[in-house]
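All remarks here apply to the structure that follows.
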Ligand code: FUL
C-alpha cells in the first residue's frame, strides 16, 4: 500500500513535469528570425558540406584549361571511362554529391545534345553512343550521391555566341539537362564569360554584357518550374555564391549574406566574397571551389602536384569550418578515371577528418549557461545531436556564456559551433577560454579571429588540458540561437597539424631581372608568395648570366587581395648572349589567371639562350604593371 502510494505520487509528479514541460515548450516562443534567412533548400544544400566537382572533356585530351572550341570532337577518346569508379572514390572521400562539367567553355557537350554535333555523339567514345551525363547520374543513384551539372554560359565554339540566337541554344541545353537526367541539387553557372574563342571560324574576341546578356531571371523561372529543389551557383548567387578565390577557403569572418544585386560575374571586389557583406540583405552562402591539382583539368605533368591529405584537411577547416561548403575538384584523366594519387589523397583526407572529430567530449553534457530562453530552447539542446533543437537567449540578451565542466582534466584542441541558421546568422564575436590550474579563465591560442559562426564554425587551437572550457559570445545581431557544440581531441600531433604548409617550392636556374625596381627584384625568388616584384612597362627581361638550355618558364602571380599585375596574354621570346638573335618560343593566354592565380607554366622546345623576354600582350586589369610573386626558369 505504502509502495503503491509512493508509486502514484511519483507517477503524479512525473506526469506533472511532463505536462509542465509540454506547457512551457508551447508557451515559450521561438526567437523571431533575423533577416535575411535561407530558404529551406539552401539549408539542405549547406548540410551537404563537402561535394565533388568533375572537370572532364576535350581539355583533358588537348592539355588545355580553356579550350577555344576548335579541337575536333574526335579527340575525345577515353579508353577506360568508368563513372562507377568516380562515384565509389567520391563516396570513400566523404563527398555527398558531384557536379559534372556537362559543357565547359569550349562548348563540347558530354551528352548527345541534339542541337549540336560538337558532342560525345561524334567522338570515338562508345562509337558515339556514350552519354557521360547519363552514366554519372546513374552511378550516383547506385552509390547514394547527389548529382548536379555545370553548364558554361560562355561557349567558345558556337558561331552565334553573343547573339540572341545563342540564348535559345543555351536554354535548350539547360532544359535538356534538367529534364532528362533526374534530380540535380545545384546548377553551376560559371562567371568566366566572353572573350577570345573560335566561334565556328577563326579566333576572335567577343564581349558580352555579362550582367544582362543571359537573362538570368528567365533561367531561374525555368529552374524553379523543372527542378525547384536545385540551388543556383553563380558569382553572386542567388542560391550560393562564389567565395572569390579558387584556392578552397573562406574568410574566418564569413557572413552568408550579400547586398542584393551588387555582385555579378566580373565584380571588381570579388575578394570580398570570402567574407560576405555583413550588412547584406540576401542569403547567399559561400561555396569554396578548389581543385585537388593546380589545374581544373587533367595534365600529366601535375601528377606530382596533387594536394596532400594534410593540405586538404587544412582546406576543410577553412571552408566547411568557415561557414561555407567545400567543392573539391577531381580532374578525371585521359583514361577516363580518377587518378590513383588523387583518389588516395582524398580518401586519406576524409579519414583524417573523421579521426580528428571522432569523439565529441561534450556529447550529452548539459553546460551551464548565463541565460536560457526556456521551453525547447534550453542548454541541453546544445549537445543532444539534434539539428533542429537549439539553445536560445531571451529577446533582449545578445551575449552569453556557455560553460562545460569535466570531472577530470581533459585534453582539447578542436571545437565545433553551429548557429541555427533557419532563423538567420547572428553571432558577430566570441572567445573560447579554458580553466587553468588556479581556476582562472585563459583564452585558448588560435591562428584566426573568432567573429562569425554561421552554419558551422570549426576551430583549431593549441592543446589545453583542463577541467573546463567556455564559449563567451560577446556580440550578436539579436538573441542567440546555437544548436550544436562539439569539443574534440585530435590526438598528440593536433598542434602540428594546423601549422602553415609550405606552398612555394620552385627550383630554378639562377637569374637576374631587369625592367624592375632594384629593391623588388629579389621578391621574385625569395620563396615568399606574399612579396611581389612589379615590372616597369610591359616587358620583363630575365638574364641567366650565360647561355643555358631552357625549356620552361614558371611564375606564381601576386597573391595579394585583390591580386595585382595579372598577365592575361603573353609572348615569350629568348635571345643569345649578344642579343642578336631574338626568337619567340611561345605566345598564348594564362587561362583563368584572374579567378585562379596559381602557378603558371609555359613549356617550349628546349633552346639555348641567355635572355628570356616576357611581353604582356594584355593584362587582366588594363594599365597595371606585371607582377610576379615567384619566378622560375628551367
Ligand atoms: C572558372 C573556369 O573558368 C575554370 O575553368 C573552372 O571551370 C572553374 C571551376 O571556374 O571560372
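Residue numbers (mature numbering (1 follows the signal peptide of the UniProt record, and there is no 0)): -30 to -1, 1 to 604.
Beta carbons: idealized from backbone N, C-alpha and C, even for Gly.
Quick caveat: nothing in here was measured; it's all calculated off a predicted structure.
{"Check": "Pocket of ligand 1 (residues with CB nearer than 5 Å to any heavy atom), chain order", "Outcome": "160, 162, 266, 562, 565"}
{"Check": "Burial state of residue 596, where buried means 16 or more other Cβ atoms lie within 10 Å", "Outcome": "buried"}
{"Check": "Minimum C-alpha distance to residue 496 - residue among 478, 538, 401", "Outcome": "478"}
{"Check": "Residue 57 in three-state terms, based on DSSP", "Outcome": "helix"}
{"Check": "As assigned by DSSP and simplified to three states, the class of residue -3", "Outcome": "coil"}
{"Check": "Any 3 or more C-beta pairs closer than 8 Å across the segment 241 to 251 and the segment 299 to 306", "Outcome": "no"}
{"Check": "Under 9 Å between C-beta atoms of residue 327 and residue 220", "Outcome": "no"}
{"Check": "Range of the contiguous beta strand (DSSP E) that encloses residue 594", "Outcome": "Segment: none, residue 594 is in no beta strand (DSSP E) and carries neither H nor E."}
{"Check": "Buried versus exposed call for residue 145 [16 or more other C-beta atoms within 10 Å across all chains shown]", "Outcome": "exposed"}
{"Check": "DSSP three-state assignment for residue 49, whether helix, strand or coil", "Outcome": "coil"}
{"Check": "Close beta carbons around residue 103, own chain, < 8 Å, minus the five adjacent residues each side", "Outcome": "70, 72, 80, 81, 119, 147, 151"}
{"Check": "Top-ranked residue by Cα proximity to residue 652, from 34, 4, 18", "Outcome": "Only positions -30 to 604 of the chain appear in this structure, which leaves residue 652 out of reach."}
{"Check": "DSSP state of residue 383 mapped onto helix, strand, coil", "Outcome": "strand"}
{"Check": "Contained alpha helix (DSSP H) runs [length at least 4] in the segment 529 to 576, N- to C-terminal order", "Outcome": "none"}
{"Check": "Euclidean distance between Cα positions of residue 175 and residue 131", "Outcome": "11 Å"}
{"Check": "Buried versus exposed call for residue 116 [16 or more other C-beta atoms within 10 Å across all chains shown]", "Outcome": "buried"}
{"Check": "Rounded separation between residue 229 and residue 12 - CA only", "Outcome": "17 Å"}
{"Check": "Integer Cβ distance of residue 505 from residue 485, believed to fall under 8 Å", "Outcome": "5 Å"}
{"Check": "Simplified DSSP assignment, three categories, for residue 189", "Outcome": "helix"}
{"Check": "Cross-strand partners of residue 375 (DSSP beta bridge)", "Outcome": "438"}
{"Check": "Residue 83 - partner residues in DSSP beta bridges", "Outcome": "Residue 83 is not bridged to any residue."}
{"Check": "Helix, strand or coil at residue 346 according to DSSP, with G and I counted as helix", "Outcome": "coil"}
{"Check": "Strand pairing of residue 245, partner residues [DSSP]", "Outcome": "Residue 245 pairs with nothing; no bridge assigned."}
{"Check": "Exposure label - residue 417; buried when at least 16 CB within 10 Å", "Outcome": "exposed"}
{"Check": "Which of helix, strand or coil DSSP assigns to residue 128", "Outcome": "coil"}
{"Check": "Where residue 322 falls: helix, strand or coil (DSSP)", "Outcome": "helix"}
{"Check": "Pairwise C-alpha distance: residue 402 and residue 498", "Outcome": "32 Å"}
{"Check": "Residue 410 versus 400, 438, 419, 352, residue with shortest Cα-Cα distance", "Outcome": "438"}
{"Check": "Burial state of residue 333, where buried means 16 or more other Cβ atoms lie within 10 Å", "Outcome": "exposed"}
{"Check": "Pairwise C-alpha distance: residue 97 and residue 42", "Outcome": "15 Å"}
{"Check": "Straight-line Cα distance separating residue 450 from residue 258", "Outcome": "27 Å"}
{"Check": "Proximity of residue 387 and residue 4 at Cβ, strictly below 9 Å", "Outcome": "no"}
{"Check": "The segment 585 to 604 / the segment 510 to 527 touching (three or more Cβ pairs under 8 Å)", "Outcome": "yes"}
{"Check": "Per-residue burial, residue 362 [other beta carbons within 10 Å of its own, 16 or more giving buried]", "Outcome": "buried"}
{"Check": "C-beta neighbour in chain B for residue 233, strict 9 Å", "Outcome": "Within the model displayed, chain B is absent; a lone protein chain is all it includes."}
{"Check": "N- and C-terminal bounds of the alpha helix (DSSP H) containing residue 282", "Outcome": "279 to 289"}
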